[in-house]
Amino acid sequence: MWFKNVRIYTLDSTFKFSLDELDKLLAPQRFVPCSGQDLVRFGWISPLGTDDDTLCHKIGDDYFFRCKTEKRMLPASVVNEELKEKVEEIELKQARQLKKKEKQDLKEQVITELLPRAFRLHKETWLWISAKYGYVVVNTSSDKQAEDLISLLRKSLGELHAKPFTFKKTINGCLTEWVANGDGPVGIAIGDEVELKSVDGAGGTIKAKKQDLNTDEIRNHLEAGKVVTSLALIINEDISLVVDENFALKRIKLSDTVMDDYATVNDDPVAKLDADLALISGEFTKLIPTLIDSFGGEDLDA
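Take the position in the sequence shown, starting the count at 1, then add 4; the result is the number in this note's numbering.
Below, the structure written as structure tokens:
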């Protein structure tokens, strides 16, 4: 298990709870499957597995949470086909065309009838809080999913002073400078993927993958006024990732050397999970400060 795509927040206050406190606070938002007319439900499940009642797993100053989401998938094509049949049947029987409001009411009826047979899609999302460093890391590439999970945790705890990072320098300004110079700051190497956009939006977007970025073609785009909005990086030769102008980290991958160092053959699932979570904590508490420093440090006045 690894955090491959993440959204990162910073805490404004100390996070310190006992496991007993957290279990009591999170219990009211424990996951319950969809029922009745629910289209989506989400809530906390045990990080240790379905047979465990604990809703938070703590390792030192690190807290790990796991959220499960269930969505009922009802394709629009299925609804529309069923609706079409009902509309045709009623119009033929009553020898008249149904009004718009009648069709809308009928559509809602169709959805109600189809929901119990809808396909259920499940997704699990991890959240990690480093009480020592004040980081909140959500394992998702989606802004909305990250905000939903932060909101759920805030609702469970009563308050959670977490906010996105802001930096003294702009991220796209830094990324653009690095590509223009052909190198990043100490410990950060440029990868082989970039996205460039026109500042005014008139010049479109350029994407390059698996390509040497130290070329005249890329420099010409920069000279034409485009800025880098997404860039592949290699951090301290240990982690490769893509960072965008909103500080979303995507496709995070550890080097073979790091993976070999952390290799474990333990058959105990809890011990294996602890090893994975320790790996996440160890590598991200090195990665995040490096990125923060590279963007000029955190802007505490923002």
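Ideal Cβ placement from N, Cα and C applies to all residues, glycine included. All values reported here derive from a predicted model rather than from experimental measurement.
So residue i packs on residue j, CB below 8 Å; how close in whole Å?
| i | j | result |
| --- | --- | --- |
| Val-10 | Asn-143 | 6 Å |
| Val-83 | Val-44 | Actually they are not in contact, since the Cβ atoms of Val-83 and Val-44 sit about 17 Å apart, beyond 8 Å. |
| Phe-68 | Trp-132 | 5 Å |
| Thr-58 | Asp-109 | So it is not a contact: roughly 46 Å between Cβ atoms. |
| Lys-159 | Gln-33 | 7 Å |
Cβ of residue i within 8 Å of Cβ of residue j?
| i | j | result |
| --- | --- | --- |
| Phe-35 | Lys-62 | no |
| Cys-60 | Leu-30 | yes |
| Phe-171 | Asp-303 | yes |
| Ala-166 | Val-140 | yes |
| Lys-211 | Glu-227 | no |
| Glu-287 | Asp-242 | yes |
| Ser-298 | Pro-189 | yes |
| Asp-135 | Phe-19 | Position check: residue 135 holds Ala in this sequence, whereas Asp was assumed. For Ala-135 and Phe-19, yes; Cβs fall inside 8 Å. |
| Leu-87 | Lys-104 | no |
| Lys-75 | Ile-256 | no |
| Asn-218 | Gly-186 | yes |
Which value, in whole angstroms, describes the spacing of the CA atoms of residue i and residue j?
| i | j | result |
| --- | --- | --- |
| Ile-238 | Leu-118 | 49 Å |
| Ala-252 | Tyr-13 | 10 Å |
| Leu-161 | Ser-17 | 13 Å |
| Thr-180 | Pro-293 | 20 Å |
| Pro-168 | Leu-102 | 50 Å |
| Cys-38 | Trp-130 | 20 Å |
| Arg-70 | Asp-280 | 14 Å |
| Trp-182 | Gly-301 | 16 Å |
| Lys-127 | Ile-49 | 12 Å |
| Lys-213 | Ser-234 | 11 Å |
| Leu-157 | Leu-164 | 7 Å |
| Val-274 | Leu-52 | 7 Å |
| Asn-240 | Ile-194 | 11 Å |
| Tyr-137 | Met-77 | 39 Å |
| Asp-216 | Lys-290 | 27 Å |
| Ser-259 | Val-247 | 17 Å |
Cβ of residue i versus every heavy atom of the ligand COA: is any distance shorter than 7 Å?
| i | result |
| --- | --- |
| Lys-107 | The ligand COA is not among the ligands present in this structure, which contains no ligands whatsoever. |
ask   = Which runs of the beta strand (DSSP E) spanning at least 3 residues fall entirely within the stretch 136-162, listed in chain order?
value = Scanning the stretch 136-162 for uninterrupted beta strand (DSSP E) segments of 3 residues or longer gives 139-142, listed from N- to C-terminal end.
ask   = With contact counted as at least three CB pairs below 8 Å, one residue from each stretch, are the stretch 164-175 and the stretch 223-230 in contact?
value = The answer is no - the stretch 223-230 does not touch the stretch 164-175, with fewer than three Cβ pairs under 8 Å.
request  = Output the residue ranges of the alpha helix (DSSP H) runs that lie fully inside the stretch 65-135 and measure 4 residues or longer, sorted by chain position.
outcome  = The DSSP assignment places 80-98, 104-118 as complete runs of the alpha helix (DSSP H) inside the stretch 65-135, in order along the chain (cut-off: 4 residues).
ask   = Going along the chain, which unbroken runs of the alpha helix (DSSP H) with 4 or more residues stay wholly within the stretch 194-234?
value = Runs of the alpha helix (DSSP H) inside the stretch 194-234: 220-227.
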